[in-house]
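One structure is given here, and the rest of the page talks about it.
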Amino acid sequence: MSEKKQQLWKDWRIHLIVLGIVLIAEAIGTFQLPIGIGVIMLLPMLYAIIIGLGLYFTPVVKEKQAKSAESLIFIAVSLLIAKFGVTIGPAMDTIIEVGPALILQEIGNLGTILFALPIAILLGLKRESIGMTHSVAREPNVALIMDKYGLNSPEGRGVMAIYIFGTVFGAVFMGIISGVLATITPLHPLSFAMASGIGSGSMMAAATGSLVAAFPDFEQDIVALAGASNLISTGIGLYASIFIGLPLTEKLYLILSKNRDKRASSKVKVEVK
Numbered sequence: 003m004s005e006k007k008q009q010l011w012k013d014w015r016i017h018l019i020v021l022g023i024v025l026i027a028e029a030i031g032t033f034q035l036p037i038g039i040g041v042i043m044l045l046p047m048l049y050a051i052i053i054g055l056g057l058y059f060t061p062v063v064k065e066k067q068a069k070s071a072e073s074l075i076f077i078a079v080s081l082l083i084a085k086f087g088v089t090i091g092p093a094m095d096t097i098i099e100v101g102p103a104l105i106l107q108e109i110g111n112l113g114t115i116l117f118a119l120p121i122a123i124l125l126g127l128k129r130e131s132i133g134m135t136h137s138v139a140r141e142p143n144v145a146l147i148m149d150k151y152g153l154n155s156p157e158g159r160g161v162m163a164i165y166i167f168g169t170v171f172g173a174v175f176m177g178i179i180s181g182v183l184a185t186i187t188p189l190h191p192l193s194f195a196m197a198s199g200i201g202s203g204s205m206m207a208a209a210t211g212s213l214v215a216a217f218p219d220f221e222q223d224i225v226a227l228a229g230a231s232n233l234i235s236t237g238i239g240l241y242a243s244i245f246i247g248l249p250l251t252e253k254l255y256l257i258l259s260k261n262r263d264k265r266a267s268s269k270v271k272v273e274v275k
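Numbering-wise, my numbering puts 134 at position 132 of the sequence shown, and it's gapless, one number per residue.
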């Protein structure tokens with residue numbers, strides 16, 4: 003083990019801070035806020051994210067601990083993925099039964115292109131919008147943009163902006179929206195379990211936690227399908243971005259940006275007249 007890694011584990015301050023956050027979040031517990039026929043699930047993970055974010059802006063957390071936390075989060079997520087992997091085994095029959103749906107759900111992750119790209123163009127964003135909207139911008143997608151355009155390119159700045167935003171707010175959003183939609187729509191909770199695996203361990207965990215809290219009888223199937231979906235999204239998602247997502251985003255960007263420029267030119271001509 004390198005000296006740097008040894009210093010990371012010996013940083014007692016970060017372990018103490020994490021322990022304190024966990025104890026506070028677990029002490030608060032789970033809250034259910036009814037909204038009409040639906041329910042918003044407020045889970046300990048949500049409190050932990052908010053408390054951790056707040057502590058970052060206080061003297062309690064120094065820059066050293068913040069940098070150390072970046073490395074430790076990957077270890078924590080690895081343990082989480084291992085847990086899901088063990089859970090997948092007993093539910094293999096269920097996973098095989100819904101196999102085609104698990105694979106086809108990856109197409110849904112390309113919805114960011116169709117919905118977000120036109121809005122980004124409308125807001126006046128340039129090529130940053132390609133990096134921002136070609137995917138949900140997790141680690142494999144960041145690597146893809148870095149390899150093709152470089153991190154200092156407009157596309158690189160775009161994908162990093164969404165990556166950071168998703169890291170901070172993604173788990174909060176997924177944890178809330180999954181519980182709400184699963185309780186107000188007629189869709190089966192297992193369909194939301196499959197949809198929660200978008201290639202992010204923390205987002206999947208937040209969504210799964212809300213679903214399990216709302217439908218405890220389906221806990222094993224929810225965890226298994228979410229884990230399998232996340233694994234497929236991580237593996238197939240990169241290739242979907244390479245061969246479908248990124249080329250489609252480039253093409254649509256050219257079309258939409260040309261239309262925007264034509265409208266802008268027409269507006270200028272009218273004003274001149």
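Beta carbons: idealized from backbone N, C-alpha and C, even for Gly.
| Query | Result |
| --- | --- |
| Should the segment 161-172 be called in touch with the segment 136-152, which here means at least 3 C-beta pairs below 8 Å? | yes |
| In terms of residue numbering, what span does the alpha helix (DSSP H) encompassing S193 cover? | P191 to A197 |
| Which of the three DSSP states, helix, strand or coil, is assigned to V144? | helix |
| Under the assumption that A195 contacts I238 (Cβ atoms under 8 Å), give the Cβ distance between them as a whole number of angstroms. | Contact doesn't hold; Cβ gap of about 18 Å is too wide. |
| So which of I200, E221, L25 and L125 has the shortest CA-CA distance to S243? | I200 |
| Kindly indicate the opening and closing residues of the alpha helix (DSSP H) around R159. | P156 to F167 |
| Under 7 Å, do A27 and Y58 count as touching if we go by C-beta distance? | no |
| Does the distance from the CB of S198 to the CB of A228 come in under 7 Å? | yes |
| Who are the near neighbours of I109 in its chain, counting only those whose CB is closer than 8 Å to its CB and skipping five residues on each side? | A242 |
| Excluding five sequence neighbours on each side, which residues of the same chain lie with their C-beta closer than 7 Å to the C-beta of I132? | E157, G160, T251, E252 and Y255 |
| Evaluate F117 with the Cβ neighbour count: other Cβ atoms within 10 Å of its Cβ, from every protein chain shown; 16 or more gives buried, anything less gives exposed. | exposed |
| Who are the Cβ neighbours of D263 in its own chain at under 6 Å, not counting the five residues just before and after it? | none |
| Apply the 10 Å Cβ neighbour rule to I39 and answer buried if 16 or more other Cβ atoms are within range, or exposed otherwise. | Residue placement at I39 is poorly supported in this model, since its pLDDT is 47, which falls under 50; the coordinates still yield a value, given next. Label assigned to I39: exposed. |
| Once the 5 residues before and after L192 are set aside, which same chain residues still bring their CB inside 7 Å of it? | F220, D223, I224 and L227 |
| Near T60, what residues of its chain come up, given a Cβ to Cβ distance below 8 Å and the 5 sequence neighbours on each side ignored? | none |
| With I115 as the anchor, note down where its alpha helix (DSSP H) starts and where it stops. | G113 to L124 |
| Helix, strand or coil for F217 per DSSP? | coil |
| In three-state DSSP terms, what is S243? | helix |
| Report the option in F33, A122, G54 and I115 whose CA atom is closest to the CA atom of G177. | F33 |
| Tell me whether the beta-carbon of A208 lies closer than 7 Å to the beta-carbon of M47. | yes |
| So is V62 buried or exposed if we call it buried at 16+ other beta carbons inside 10 Å? | exposed |
| Can you give me the Cβ contacts of T236 inside the same chain, cut-off strictly under 6 Å, excluding the 5 residues immediately before and after it? | G201 |
| Under the three-state reduction of DSSP, which class applies to P61: helix, strand or coil? | coil |
| By Cβ distance below 7 Å, which residues in the same chain neighbour A122 in space, the five residues on each side in sequence not counted? | S131, M134 and T135 |
| Where A173 and M206 are concerned, what is the direct C-alpha to C-alpha distance, given to the nearest angstrom? | 8 Å |
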